[in-house]
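Chemist: Residue numbers (the working numbering): 47 to 449. From the three backbone atoms N, C-alpha and C, an ideal C-beta is built for every residue, glycine too.
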């Protein structure tokens, strides 16, 4: 898995410096297009979107509405929705083509094992398990098949995909699934074999399968209640893959994480590193500060990860820290209470606990805060872009207060 995304800061910066905005805008929809592959590094805080764009604009003059900036905007918008709606993003925000109760609550084994017999679906699952990453178009195809063809509730698929992706981000992932499902947008996202043939390599092409039909037929299919045909049309035509890879609610034993102990930090100045703050340590850390990594068991019981994602994150955390804790939130909080002072980076995945443990500093924001809740990307984009004439203006314009 690390062959595709080595968990190093050097790899993140190499990808930033390889960005060709014109090629990205022209080819980003193709699976072999000039996409950045930076999302795992941005999700886990190796680098920020501001770092990325600050570097790009030193080499390329970009208008504020450039496609590269537009796609970064989607990530920021999903976090805007999460900030305003909270845990409501894990429920359907509107009714989709069918009521929620019309969808299955388990992911079928043939999807999980990559043996549906639909090449585009099986190739996506194989790529996911092998690399921990998928092109955005492949994510949309996979989600659309799961929800609209196989009639599986979007949340089931979103939870599964989140755990396997190196870049799994609760806001981006779950709201993207809602957009595909039609519960976060005005209509469901549908695709057919012709669309796959246009943007994917030949091994992904899917002639003669359930998706080899018109968009009108697919729309009718999406709005029809589940039947035996929905579940069996292509099933069992492929070869099984690994039996499906299990997600883990606790770290693998070989990571050798320690239980929280107050004696580790008693009377010390602590900088707290978590899985979403794996960038360069702040330059203003005082001499002798103790850099401590933490994994919160409460979070991972709700949101398990693949072993590959555990290894990706911990390889980088181990390079940054003197000690890594694994424990429940209560035991971590009790142990940290022994420290003289604790500082960290704010992070919505952990906000239930971080604010009670540490003085938090906010991540750098690429776009200015939009205080009014925007229920569509276009409304948010208009407000976020207001007053900027070029992309170069965006990062410099943001003074982000501490949390």
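Taking C-beta to C-beta, are residue 462 and residue 434 nearer than 8 Å?
Modeler: Outside the shown range of the chain, which is 47 to 449, sits residue 462, and nothing can be said about it.
Chemist: Run through the DSSP bridge pairs and tell me what residue 150 is partnered with.
Modeler: Within the chain shown, residue 150 is the residue found at index 104, counting from 1. Answer by DSSP bridge pairing, in chain order: 198.
Chemist: Would you tell me roughly how many angstroms separate the C-alpha atoms of residue 377 and residue 132, rounded to the nearest one?
Modeler: Within the chain shown, residue 377 is the residue found at index 331, counting from 1. Within the chain shown, residue 132 is the residue found at index 86, counting from 1. The alpha-carbon atoms of residue 377 and residue 132 are separated by roughly 25 Å.
Chemist: Using the beta-carbon count (16 or more within 10 Å), is residue 448 buried or exposed?
Modeler: Position 402 of the chain shown, counted from the start, is the residue given in the question as residue 448. In this prediction, residue 448 has a pLDDT of 35, which is less than 50 and means its spatial position is unreliable; what the coordinates show is noted afterwards. Under this definition residue 448 is an exposed residue.
Chemist: What whole-angstrom Cβ distance do residue 363 and residue 370 have, given they're in contact under 8 Å?
Modeler: Stepping through the chain shown from its first residue, residue 363 is reached at position 317. Stepping through the chain shown from its first residue, residue 370 is reached at position 324. That belief holds up - the Cβ atoms of residue 363 and residue 370 are roughly 6 Å apart, short of 8 Å.
Chemist: So for residue 280, helix, strand or coil by DSSP?
Modeler: If you number the chain shown from 1, residue 280 lands on position 234. Confidence at residue 280 is low in this model, with a pLDDT of 46, below 50, so its placement is unreliable and the value that follows should be read with caution. Coil, per DSSP.
Chemist: Quick one, which of 93, 70, 74 has its alpha-carbon nearest residue 53's?
Modeler: Taking the chain shown and counting its residues from 1, one reaches residue 53 at position 7. For residue 53, the nearest C-alpha among the options comes from 93.
Chemist: On the criterion of 16 or more Cβ atoms from any shown chain inside 10 Å, does residue 262 qualify as buried, or is it exposed?
Modeler: The sequence position of residue 262 within the chain shown is 216, counting from 1. Exposed is the call here.
Chemist: Among the candidates 348, 233, 354, 84, whose CA atom is the shortest distance from the CA of residue 176?
Modeler: Locating residue 176 in the chain shown gives position 130, where the first residue counts as 1. It is 354 whose Cα lies nearest to the Cα of residue 176.
Chemist: Buried or exposed for residue 205, please, with buried defined as at least 16 other CB atoms from any protein chain shown within 10 angstroms of its CB.
Modeler: Here the question's residue 205 lines up with position 159 in the chain shown. Label assigned to residue 205: buried.
Chemist: Nearest-angstrom Cα distance between residue 437 and residue 379?
Modeler: Taking the chain shown and counting its residues from 1, the one referred to as residue 437 is at position 391. Taking the chain shown and counting its residues from 1, the one referred to as residue 379 is at position 333. So the alpha carbons of these two residues sit roughly 41 Å apart.
Chemist: How is the alpha helix (DSSP H) around residue 127 delimited, first residue to last?
Modeler: Within the chain shown, numbered from 1, the residue matching residue 127 stands at position 81. First-last of the alpha helix (DSSP H) with residue 127: 113-131.
Chemist: Beta-carbon of residue 320 versus every beta-carbon of chain B: anything under 8 Å?
Modeler: Judged by its chain identifiers, the structure shown contains no chain B, having just a single protein chain.
Chemist: Is the segment 72-90 touching the segment 204-224, taking contact as three or more C-beta pairs under 8 Å?
Modeler: Touching, yes.
Chemist: Quick one: using the 10 Å Cβ neighbour count with 16 as the cut-off for buried, is residue 409 buried or exposed?
Modeler: As a first step, residue 409 must be located in the chain shown, where it is residue number 363. Label assigned to residue 409: buried.
Chemist: I'd like the list of long-range same chain contacts for residue 228, defined as Cβ closer than 7 Å, with 5 residues on each side in sequence excluded.
Modeler: Numbered from its first residue, the chain shown carries residue 228 at position 182. Excluding positions up to five away in sequence, the list reads 142, 143, 234.
Chemist: Have a look at residue 184 and residue 336 and give me their C-alpha separation to the nearest angstrom.
Modeler: Mapped onto the chain shown, residue 184 falls at position 138. Mapped onto the chain shown, residue 336 falls at position 290. Going by the C-alpha atoms only, they are around 42 Å apart.
Chemist: In the structure shown, what three-state DSSP assignment does residue 63 receive?
Modeler: Here residue 63 is taken as the residue at index 17 of the chain shown, counted from 1. In the structure shown, residue 63 sits in a helix (DSSP, three-state: H, G or I).
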